[in-house]
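Per this note's numbering, the sequence shown starts with residue 112, numbered consecutively.
Every residue, glycine too, gets a C-beta built ideally from N, C-alpha and C.
Remember, predicted model here, so these are calculated numbers, not experimental data.
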Amino acid sequence: MSKVCTIAWVHGTVQGVGFRYSTQREALQLGLTGYARNRDDGSVEVVACGDAEQVEKLVAWLKAGGPRSARVEKVLTEPHQPGREYVNFGIRY
Numbered sequence: 112m113s114k115v116c117t118i119a120w121v122h123g124t125v126q127g128v129g130f131r132y133s134t135q136r137e138a139l140q141l142g143l144t145g146y147a148r149n150r151d152d153g154s155v156e157v158v159a160c161g162d163a164e165q166v167e168k169l170v171a172w173l174k175a176g177g178p179r180s181a182r183v184e185k186v187l188t189e190p191h192q193p194g195r196e197y198v199n200f201g202i203r204y
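1) Using DSSP's beta-bridge definition, name the partner residues of L139.
2) Whose CA, out of E156, D151, G145 and R203, lies closest to the CA of K185?
3) Please report how far the alpha carbon of E167 lies from the alpha carbon of Y204, in whole angstroms.
4) Around the Cβ of A159, are there at least 16 other Cβ atoms within 10 angstroms (buried) or fewer (exposed)?
5) For G145 and Y197, which I take to be in contact (beta-carbon distance under 8 Å), what is that distance rounded to the nearest angstrom?
6) What residues are listed by DSSP as bridge partners for P190?
7) Could you tell me which residues DSSP pairs with Y146 in its beta bridges?
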């Protein structure tokens, strides 16, 4: 099992619809660490670390639209090297 970290920027109607909380729930079910936070441009930033296959499942979930109340227009991702190791999946403000 290879451990990876991916950072994603989710664009669309993704703030004020429970997106971060749904992402946290999904990530915890997949055994991932990292965080989700709103950005000033209206997008949500997600950092997900863990088993490569589980990270891919979360990215696929994001691209599929996340929670029902959200309207995802695009998801941009790239590999990420965090400056520290995350112990859980949190919500940042």
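Quick answer:
1) Here residue 139 refers to the residue found at position 28 of the sequence shown. For L139, DSSP records no beta bridge to any residue.
2) As a position in the sequence shown, residue 185 is number 74, starting the count at 1. If we check each option's Cα against that of K185, E156 comes out closest.
3) As a first step, residue 167 is located in the sequence shown; it is residue number 56 there, counting from the start. As a first step, residue 204 is located in the sequence shown; it is residue number 93 there, counting from the start. Rounded to the nearest angstrom, the two C-alpha atoms are 25 Å apart.
4) If you number the sequence shown from 1, residue 159 lands on position 48. Under this definition A159 is a buried residue.
5) The residue given as residue 145 occupies position 34 in the sequence shown. The residue given as residue 197 occupies position 86 in the sequence shown. Yes, G145 and Y197 are in contact; Cβ-Cβ is about 5 Å, under 8 Å.
6) On the sequence shown, position 79 is the one that residue 190 refers to. P190 pairs with T117.
7) Counted from its first residue, the sequence shown places residue 146 at position 35. According to DSSP, Y146 shares a beta bridge with V158 and G201.
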